[in-house]
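Please read the structure below before turning to the comments.
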Amino acid sequence: MKIAGAPISWGVCEVPNWGYQMAPERVLAEMGQIGLTATEFGPQGWLPVDAQERAAMVGEFGLKPVGSFFLAVMHDPNFDPIPQVEAELRAFELAGGEFLVLAADSGLEGYDERPVLDERGWETLFGNMTRIREVCAARGVTACLHPHWGTMVQNVDEVERVLDNSTVGLCLDTGHMACGGADVVEMVRKYADRVDIVHAKDICKEITNRLLPGEITWSQGIRAGMFTPIGQGDIDFAKIVELLDGAGFDGYWVLEQDIMIDEEPPAGAGPIANARASLSALAALA
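The sequence shown begins at 50 in our numbering and counts up one residue at a time.
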């Protein structure tokens, strides 16, 4: 089992005013301290924008680049996402990375609200996904879709529409898919052969169930602790591992526990404890 880290488990996020943002040097060092050997890059601009500097920083901590979570506006007929994708792929050439993990950006700030797609929007999204996949494939990079709360592909019916009407691979984010109303085990059972990479999140179902009815916003859920260390929540990771193993999945399991923090934690404390617990629980299932 190939297990990687993600800066969001340390509270590092692309959303403005998303709590305290820890420095890359500390986060990457702590990933190595708990035994991780690979990481996603985190939000745009958190690591150096210059590709050589980005590669040097990740390499300094002995971590292999997995790729990046990448927000792309794909539903707007008047916007072309390809130039931004190509800029990131140029960074991949020097900094490394195998996966461009695409989320269908709403164009709004944050994840607390989103517009609803009409048919023209869906057609545009499908067309841009195909274009992005082709551009990435030409550079040896796999582009896959990340269903994500607050984006244009959020709810389970939207995820199924994409998977049933395209050949795009799936970033199986167990937490986001559960938040969107999916039975994650059943989705894996149905689409295991489409999974390119896993974002492994555990959830407190009592809290995530309040999202779809609109009782809480995404940020309120994060603050309430709706994501937990793996093994301490309601996701059946043992079954998911079994199903993906049976389908021949050999990609990365990226540890993600979306959190916000308010200040710099003391040395040896803070998010590292939960990340260590998640790594131990997931590795035990390998």
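Yeah, the Cβ is synthetic: ideal placement off N, Cα and C, and Gly gets one too.
With respect to the 8 Å criterion, Gly146 and Pro114 are classified as neighbours on the basis of their beta carbons. For Trp59, same chain residues with a beta-carbon under 6 Å away, outside a window of 5 residues either side, are Met71, Val76 and Pro320 in chain order. Put simply, the segment 169-183 touches the segment 209-222. At least three CB pairs are less than 8 Å apart.
DSSP, read as helix, strand or coil, puts Glu235 in helix.
In this structure, the alpha-carbon of Arg325 lies about 21 Å from that of Lys288. Residue state for Lys288 is assigned as helix, using DSSP reduced to three classes.
The beta carbon of Leu221 is closer than 6 Å to those of Val244 and Val247 in its chain, skipping five residues each way along the sequence. According to the DSSP assignment, His225 belongs to the alpha helix (DSSP H) that extends over Thr223 to Cys228. DSSP places Ala140 within a helical segment (H, G or I) once states are collapsed to three.
Considered as a whole, the segment 165-219 harbours 168-187 and 205-213 as its complete alpha helix (DSSP H) runs of no fewer than 4 residues, in chain order. By alpha-carbon distance to Val290, the top candidate from Asp125, Ala332, Pro92 and Gly263 is Ala332. Secondary structure note for Lys254: its alpha helix (DSSP H) is the uninterrupted segment Lys254 to Thr257.
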